[in-house]
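What follows is one structure encoded as structure tokens, with my remarks underneath.
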Amino acid sequence: MAVIDVTEDTFETDVVERSRTVPVVVDFWAAWCGPCRMLTPVLEQAAQSRADEVVLAKLDTDANPGISQAFGIQGIPAVKAFKDGRVVDEFVGAQPPAVVERFFDGLVPSEAERLVEEGDEASLRRALELQPQNTEAAATLAGILHRRGEEDEALGLVDGLPGFQPEGLAARIRLERAGDIDVADALTALDAGDHDRALDLLLEALPTAGGHRDDVRRVIVAALDDLGVEHPLARDARRRLAAALY
Numbered sequence: 003m004a005v006i007d008v009t010e011d012t013f014e015t016d017v018v019e020r021s022r023t024v025p026v027v028v029d030f031w032a033a034w035c036g037p038c039r040m041l042t043p044v045l046e047q048a049a050q051s052r053a054d055e056v057v058l059a060k061l062d063t064d065a066n067p068g069i070s071q072a073f074g075i076q077g078i079p080a081v082k083a084f085k086d087g088r089v090v091d092e093f094v095g096a097q098p099p100a101v102v103e104r105f106f107d108g109l110v111p112s113e114a115e116r117l118v119e120e121g122d123e124a125s126l127r128r129a130l131e132l133q134p135q136n137t138e139a140a141a142t143l144a145g146i147l148h149r150r151g152e153e154d155e156a157l158g159l160v161d162g163l164p165g166f167q168p169e170g171l172a173a174r175i176r177l178e179r180a181g182d183i184d185v186a187d188a189l190t191a192l193d194a195g196d197h198d199r200a201l202d203l204l205l206e207a208l209p210t211a212g213g214h215r216d217d218v219r220r221v222i223v224a225a226l227d228d229l230g231v232e233h234p235l236a237r238d239a240r241r242r243l244a245a246a247l248y
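Numbering (the working numbering), first residue to last: 3 to 248.
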């Protein structure tokens, strides 16, 4: 059901917890509120057209003053969107349908984002047709092409794109093509998931990398990004990288 009524007793379950699996938009309203009567049908229409993607929860502020106070409701209609148990967007006052539609659109993935989640080559190519600047689609597709040996197209997709992963992949392709530096063992270890050995070899190669120094650095940084900030290996490698560079 796209539209539900909630109370103080059901708010935690029907809004906060439910928002961990689907966005929930809460319409704070009251029977005496004229602008509420104007806005609510617009909200309901937006929710109904996204019935499988967004839930609209209607809360009577007069009957549920505790929740209204908890969320600092000072004027109505007030609309708050919940995702993952917290408020991610909101507005106050009656808004025209176009504004409400954009508000709801911001809560659900676009077609391109859904295609990126699919992750296969055809979906990624279609995502880039819809959003040519979609960095995640370009980087993921470039990774598929690189693994298949189609380096020219892969490099064309990521060369110049911002972000650790696209920059790292572009740098890797340039290093693989270079005839005056050998980091093959490091890259093989990286592909095998042996980050410890890969980072050791890349860090060892850095001082003598010459004109390839920045590309080696970019590959290292991408590997660290892959590990995550809190990984013990990443913390140690960042320290060693800083020492090697500065």
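Backbone N, C-alpha and C define an ideal beta-carbon position, used for all residues, glycine too.
Just so we're clear, the structure is a prediction, and the values are computed from it rather than from any experiment.
Cβ distance (whole Å) where residue i is taken to contact residue j below 8 angstroms
{"i": "ALA139", "j": "ALA114", "result": "7 angstroms"}
{"i": "PHE106", "j": "ALA48", "result": "5 angstroms"}
{"i": "ALA59", "j": "VAL8", "result": "5 angstroms"}
{"i": "ALA156", "j": "ILE175", "result": "6 angstroms"}
{"i": "ARG20", "j": "VAL57", "result": "6 angstroms"}
{"i": "VAL102", "j": "LEU45", "result": "6 angstroms"}
{"i": "LEU208", "j": "ALA246", "result": "5 angstroms"}
{"i": "ASP122", "j": "PHE166", "result": "About 24 angstroms separates the two Cβ atoms, so there is no contact after all."}
Cβ shell of residue i (< 7 angstroms), same chain only, five flanking positions each side left out
{"i": "ILE69", "result": "GLU10, PHE13, LEU61"}
{"i": "SER173", "result": "It should be noted that the sequence gives Ala, not Ser, for residue 173. Result list for ALA173: ASP217, ARG220, VAL221, in chain order."}
{"i": "VAL160", "result": "ALA140, ALA141, ALA144, PRO168, LEU171, ALA172"}
{"i": "ALA211", "result": "ILE183, VAL218"}
{"i": "ILE75", "result": "PHE30, THR63"}
{"i": "ASN198", "result": "It is Asp, not Asn, that sits at residue 198 in the sequence shown. Counting only Cβ-Cβ distances below 7 angstroms, and skipping sequence neighbours, we find LEU235."}
{"i": "ALA200", "result": "ALA188, ALA191, LEU192, ALA225"}
{"i": "VAL17", "result": "VAL8, VAL26, VAL28, ALA59, PHE84"}
{"i": "SER2", "result": "Missing from the structure shown is residue 2; the chain here goes from 3 to 248 and no further."}
{"i": "ARG150", "result": "none"}
{"i": "PRO37", "result": "PRO79, GLY95, ALA96"}
{"i": "PRO99", "result": "VAL44"}
Three-state secondary structure assigned by DSSP to residue i
{"i": "GLU131", "result": "helix"}
{"i": "ARG24", "result": "The sequence given here has Val at residue 24, not Arg. Of the three classes helix, strand and coil, the one that applies to VAL24 here is coil, per DSSP."}
{"i": "ILE6", "result": "strand"}
{"i": "ALA141", "result": "helix"}
{"i": "ALA100", "result": "helix"}
{"i": "ALA245", "result": "helix"}
{"i": "ASP122", "result": "coil"}
{"i": "ALA59", "result": "strand"}
{"i": "VAL223", "result": "helix"}
{"i": "VAL110", "result": "coil"}
{"i": "ARG240", "result": "helix"}
{"i": "GLU153", "result": "helix"}
{"i": "ALA231", "result": "The sequence shown places Val at residue 231, rather than the Ala named in the question. VAL231 falls in the coil class under three-state DSSP."}
Sequence-distant residues of its chain with Cβ nearer than 6 angstroms to residue i (five each side left out)
{"i": "GLU55", "result": "VAL110"}
{"i": "VAL272", "result": "With the chain covering only 3 through 248, there is no way to say anything about residue 272."}
{"i": "VAL94", "result": "GLY77, ALA80"}
{"i": "ALA129", "result": "ALA114, LEU117, VAL118, ASN136, ALA139"}
{"i": "MET40", "result": "ALA96"}
{"i": "ARG242", "result": "LEU205"}
{"i": "LEU147", "result": "GLU155, ALA156"}
{"i": "GLU152", "result": "none"}
8 angstroms CB neighbourhood of residue i in its chain, flanking five on each side removed
{"i": "ALA33", "result": "ASP62, ASP64"}
{"i": "GLN50", "result": "ALA4, VAL5"}
{"i": "PRO164", "result": "THR137"}
{"i": "CYS35", "result": "ILE78, PRO79"}
{"i": "LEU177", "result": "ILE183, VAL185, LEU189, HIS214, ASP217, VAL218, VAL221"}
{"i": "LEU132", "result": "SER112, GLU113, ALA114, LEU117"}
{"i": "ARG240", "result": "LEU226"}
Are there three or more Cβ pairs, one per stretch, closer than 8 angstroms when the segment 21–28 is compared with the segment 69–87?
-> Yes, the segment 21–28 touches the segment 69–87.
Taking only runs that begin and end inside the segment 159–213, name each unbroken alpha helix (DSSP H) of 4 or more residues, in chain order.
-> For the alpha helix (DSSP H) assignment, the uninterrupted runs of no fewer than 4 residues enclosed by the segment 159–213 are, from N- to C-terminal side, 166–179, 186–193, 197–207.
Starting from the N-terminal side, write out each stretch of the alpha helix (DSSP H) that is 4 residues or longer and does not extend beyond the segment 12–56.
-> Correct list: 36–50.
Per the contact definition of three or more C-beta pairs closer than 8 angstroms, is the segment 177–184 in contact with the segment 222–242?
-> Short answer: they don't touch.
Just list the beta strand (DSSP E) runs in the segment 60–99, keeping only unbroken ones of 3 residues or longer that don't cross its boundaries, in chain order.
-> List check, beta strand (DSSP E) in window: 80–85, 88–94.
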